[in-house]
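Some notes on the structure that comes next.
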Amino acid sequence: MTRNPTGKGHHGLNGCSGLGEIHLRLRDRRFSLILERIPRSEIIPASGAGPAGLPAIRGEILRTNVSEQSEPNSQAAEPRLATAVAEIRSLVADARRRGERVGFVPTMGALHAGHVQLMKTAREECPFVVASIFVNPTQFAPHEDFHKYPRPLERDLAACRSAGVAAVFHPAVETMYPPGASTFVDVPALAQTLEGAHRPTHFKGVATVVTQLFQIVQPDRAYFGQKDYQQQTLIRRMVRDLHMPLEIRVCPTVREPDGLAMSSRNVYLQGADRQSALALSQALKLARERLHQGDKDLPGIRQAMHALLSGTPSVTVDYATLIDPDSLAELAAVQPRMVAIIAARVGTTRLIDNEVIEVK
Ligand code: AMP
């Protein structure tokens with residue numbers, strides 16, 4: 002059994018010195034076989050050592066590390082529920098002792114198919130998946146829906162279980178923010194535009210809680226949705242700037258069959274507002290089609306997006322624009338890769354959506 006002395010991953014992973022990882026399936030069980038080449042420095046010369054004390058055997062020695070995983074399905078084991086920092090750390094430490102890579106999916110709960118897809122992707126790549134369920138007060142402004150945000154814990158745990166999540170971290174607010182907590186993480190270059198212009202304290206709360214969660218769970222990989230485009234851009238920048246030792250994976254937006262991006266806030270959409278909410282994905286489609294047809298008139302496209310949204314009953318636009326995928330700056334001219342991005346209120350429900358658009 003091997004353990005990387007850094008405590009992060011295996012020798013054979015993360016582009017280190019290993020030979021690779023093989024996944025074997027046997028009935029409903031899955032095994033991951035990790036092949037590692039033993040570094041010469043770790044080989045103790047036997048009595049039959051070769052010349053100059055070098056071991057007679059060369060680098061062909063392999064050690065294997067086989068770990069058994071259950072498939073992500075409804076038969077999966079009940080996830081362990083941890084509310085204390087020490088509890089989740091101990092579960093993660095056990096997984097590391099077994100040599101398992103740790104994946105992490107941070108959420109605010111009220112889980113839907115978009116969250117489940119993130120968990121399943123994590124489960125495909127990582128034998129041990131942790132999900133967090135925490136409605137983070139610091140990312141809500143006082144007038145926003147923190148208290149009313151849905152918290153269906155039992156249903157969420159069932160969703161985690163069906164996705165093969167091994168442990169759920171569900172802390173109390175006081176655990177994450179004990180009395181006197183006063184340290185915040187800010188990424189101002191990406192936090193003030195778009196969502197930040199309408200929710201000025203939002204991303205400081207997001208960056209802070211995500212940093213705390215990364216510190217607590219210490220995953221090898223964390224999974225985020227493209228649905229929150231600005232959020233994943235900002236988190237990738239934060240991880241880079243602070244040299245956080247993990248990989249960020251971004252997964253595509255999961256949509257309802259009619260195009261509405263899945264969101265925990267969709268449950269607020271009452272009556273005709275559910276139909277009106279389709280205006281967001283329709284405005285993104287309009288932008289994509291015009292750009293794909295060779296239209297270079299960005300102000301005209303923005304205006305058409307606004308007109309479609311504002312012409313829909315109960316829709317009020319916060320922004321609907323085309324931006325650079327990395328800097329998030331509003332574009333003055335067409336470029337090969339762009340993001341159409343929208344925030345709008347439908348009745349009293351605020352929704353966001355986006356689409357990456359590529360043109361030749
Ligand atoms: P939330 O619970 O809203 O904080 O979201 C938790 C994670 O799920 C974030 O990384 C979101 O981007 C992601 N997510 C939310 N909705 C979707 C969706 N429709 N498709 C894919 N990922 C999503």
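2 is the number of the first residue of the sequence shown in the working numbering; add one for each residue after it.
C-beta: ideal position from N, C-alpha, C; glycine also.
- Checking the 8 angstroms criterion, the Cβ of Phe225 is within range of a heavy atom belonging to ligand 1.
- The residue from Phe225, Ser133, Ala94 and Lys121 with its alpha-carbon nearest to that of Ala111 is Ser133.
- In this structure, the C-beta of Val255 approaches ligand 1 to less than 8 angstroms from one of its heavy atoms.
- Where Gly206 is concerned, the enclosing alpha helix (DSSP H) starts and stops at His203 to Val218.
- Distance between Asp274 and Arg346, taken at the CA atoms: about 10 angstroms.
- Secondary-structure assignment with DSSP links Ala123 through no beta bridge to anything.
- A heavy atom of ligand 1 is found nearer than 8 angstroms to the CB of Met263.
- Taking each of Leu191, His307, Gln271 and Arg152 in turn and checking the Cα distance to Gln283, the smallest one comes out for His307.
- Not one heavy atom of ligand 1 falls within 8 angstroms of the beta-carbon of Ala334.
- The C-beta distance from Gly260 to Leu279 rounds to 6 angstroms, short enough to fall under 8 angstroms.
- Boundaries of the beta strand (DSSP E) around Met339: Arg338 to Val347.
- Nearest to Pro107 by C-alpha distance, out of Gly115, Glu101 and Gly100, is Gly115.
- In its chain, beyond the 5 residues on either side, Phe135, Asn137, Val210 and Gln213 have a beta carbon closer than 8 angstroms to the beta carbon of Met177.
- With a cut-off of 8 angstroms, the C-beta of Leu119 is classified as near ligand 1, since at least one heavy atom of the ligand falls inside that distance.
- Under the 10 Å beta carbon count, Pro80 is surrounded by 16 or more other beta carbons and is classified as buried.
- Non-local C-beta neighbours of Tyr320 in its own chain, meaning closer than 8 angstroms and more than five positions away in sequence, comprise Leu195, Ala198, His199, Ile342, Ile343 and Ala344, ordered along the chain.
- The count of Cβ pairs closer than 8 angstroms, one atom from the segment 264-272 and one from the segment 348-358, reaches three, so the stretches are in contact.
- Minimum Cα-Cα distance from Pro151 among the listed residues Met109, His171, Pro220 and Glu290 corresponds to Met109.
- Nearest in C-alpha terms to Gln193, of all of Gln231, Ala262, Gln304 and Arg97, is Gln231.
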